[in-house]
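Note sheet for the following structure.
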Amino acid sequence: MSMVVGARKGFSSEINVTPMIDVLLVLLIIFMVVLPHRYEGEATQIPQPAPKMVTANPPSPIVIQLLDKGEGKRPALKINQEEVSWDGLIARLRAIYDAREDHIAFVKGDPEIEFAFIAEVVDMSHLAGAERVGLLGKTD
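Start counting the sequence shown at 26; every next residue gets the next number (this note's numbering).
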């Protein structure tokens with residue numbers, strides 16, 4: 026309903042906004058009812074795990090060295106400069122990993138060594154319990 030002041034003499038060029046406001050209010054009520062309420066609870070802080078203790082002297086990395094003994098011979102093995110036999114490699118690595126928290130090893134071989142021997146050492150390291158094995162290149 027629009028109100029006209031004065032006498033009505035023909036057509037009115039005013040926009041009747043009452044029906045538009047009614048439609049707008051009905052849509053507003055519908056959207057308020059239909060849309061889910063987003064309840065937000067109290068803001069809390071989740072407890073974090075305690076930081077790991079940093080030791081003053083971290084253990085030295087495990088480096089398995091393969092030293093060339095000549096053509097057609099199996100290379101000699103060393104774990105951190107300690108001589109180890111091929112048969113005792115897995116047992117020695119297991120003993121080292123039992124005393125350590127990290128199970129990471131590095132393999133370093135002479136350039137003349139066949140890759141099959143390096144792959145065998147990597148496989149033996151995994152059998153002993155190594156989670157990750159890295160290959161070291163030539164260091165000068």
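Idealized CB from N, CA, C, for every residue including glycine.
(1) Can you name, in chain order, every residue of its own chain whose Cβ lies under 7 Å from the Cβ of residue 148, other than the five neighbours on each side?
(2) Hey, is the stretch 152-159 in contact with the stretch 125-141, meaning 3+ C-beta pairs nearer than 8 Å?
(3) Whole angstroms are fine: how far does the CA of residue 76 sit from the CA of residue 103?
(4) Hey, could you find the ends of the alpha helix (DSSP H) residue 60 is sitting in?
(5) Does the distance from the C-beta atom of residue 161 to that of residue 133 stay below 7 Å?
(6) For a test of the three-state rule: what should DSSP assign to residue 146, helix, strand or coil?
(7) Applying the criterion that 16 or more other CB atoms from any shown protein chain within 10 Å of the CB defines a buried residue, is residue 87 buried or exposed?
(8) Determine the extent of the alpha helix (DSSP H) in which residue 121 is found, giving its start and end residues.
(9) On the CB-based measure, 16 or more other CB atoms within 10 Å of its CB, does residue 37 come out buried or exposed?
(10) In angstroms, rounded to a whole number, what distance separates the CA positions of residue 73 and residue 163?
(11) Closest to residue 105 by C-alpha separation, out of 84, 138, 41, 123, would be which residue?
(12) Is the beta carbon of residue 121 closer than 7 Å to that of residue 93?
This is what the structure gives:
(1) none
(2) yes
(3) 34 Å
(4) From DSSP, residue 60 is part of no alpha helix (DSSP H); its letter is neither H nor E.
(5) Their beta carbons are under 7 Å apart, which means residue 161 touches residue 133 by this criterion.
(6) If DSSP states are grouped into helix, strand and coil, residue 146 belongs with the helices.
(7) buried
(8) 114-123
(9) exposed
(10) For residue 73 and residue 163, the distance between alpha carbons rounds to 42 Å.
(11) If we check each option's Cα against that of residue 105, 84 comes out closest.
(12) no
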